[in-house]
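Per this note's numbering, residue 1 is the first one in the sequence shown, and the count goes up by one each step.
Here the structure comes first, spelled out in structure tokens, and everything after it is commentary.
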Amino acid sequence: MAYPRSLEHLIEELSRFPGVGRRTAERLAFHVLRSPEEWAKSLAGSILEARARTVRCAMCEGVAESSPCPICADSGRDRGLLCVVEQPRDVDAIERAKIYRGLYHVLLGAWNPAEGTDRPQLTLRSLERRVRAGGIREVIVATDPDLEGDGTALAVHEALSGTGVKVTRLAKGMPTGTGIEYLNRAILADAFEGRRVL
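The structure is reproduced here in structure tokens:
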């Protein structure tokens, strides 16, 4: 038996989310139908509010309710440090860790030609303009420690090659609290390559 047209439309729309296939979209749709109407209205309102109130920051390309965003507007931050990340959620993770007080630049993706993301789709041009404008002494590349992240880090390095600014990459290696027997080859190789004197 086919689903009603309205339910099928909801499933189709939910399946457009990244990483959400047909089965997950069906589960989400039925969850929405089982939930109280007030929650469904609140969800719909939250989506519309987020679409209406958020903008991309003109400086860092991140998501905020104002431009410049609160981080870029904060005069107490180290304006000579620029941390390059793939997505706005990476900024949130670093900020929650309270380990960094510089500025950010969000690439809005990773270089992954297999999934259709190419260099021109990333915010590399605005990053290069920002660095060439002066005042940045170090660019910290904080892309994911995987094949796409490595390719993206290389693209950042190439984009900034003529600027004279120092470009570094976050260290990779063994995560704290994990036994060696549980680590894969790539993590172990990074750990050996990045070893330091005790």
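For each residue, glycine too, the CB sits at the ideal point set by N, CA and C.
Bridge partners - residue i, DSSP secondary structure assignment
| i | result |
| --- | --- |
| T168 | I140 |
Between the CA atoms of residue j and residue i - distance to the nearest angstrom
| i | j | result |
| --- | --- | --- |
| C69 | R89 | 14 Å |
| Y100 | R22 | 40 Å |
| G45 | A52 | 10 Å |
| R129 | T176 | 37 Å |
| E95 | L107 | 17 Å |
| A29 | L7 | 7 Å |
| G194 | R169 | 12 Å |
| E138 | L33 | 51 Å |
| H202 | D146 | A question about residue 202 goes unanswered here, because the residues of the chain that appear run from 1 up to 198. |
Environment of residue i [buried if 16+ CB atoms lie within 10 Å]
| i | result |
| --- | --- |
| G149 | buried |
| Y104 | buried |
| L127 | buried |
| A54 | One point to set straight first is that residue 54 is Thr, not Ala, in the sequence displayed. So T54 ends up on the exposed side. |
| W39 | exposed |
| G19 | exposed |
| G76 | exposed |
| E86 | buried |
| T143 | buried |
| L199 | Past the edges of the chain, shown from 1 to 198, lies residue 199, and the structure says nothing about it. |
| L48 | exposed |
| L188 | exposed |
Any chain C beta carbon closer than 9 Å to residue i
| i | result |
| --- | --- |
| A133 | Here chain C cannot be found, since the structure has a single protein chain. |
Extent of the continuous alpha helix (DSSP H) run through residue i
| i | result |
| --- | --- |
| V131 | L124 to R132 |
| G151 | L147 to A159 |
| G21 | Premise fails: G21 is in no alpha helix (DSSP H) and is neither H nor E. |
| W39 | E37 to R53 |
>> What ranges does the alpha helix (DSSP H) occupy inside the stretch 77-105, keeping only unbroken runs of at least 4 residues that lie completely in it?
In response: 88-97
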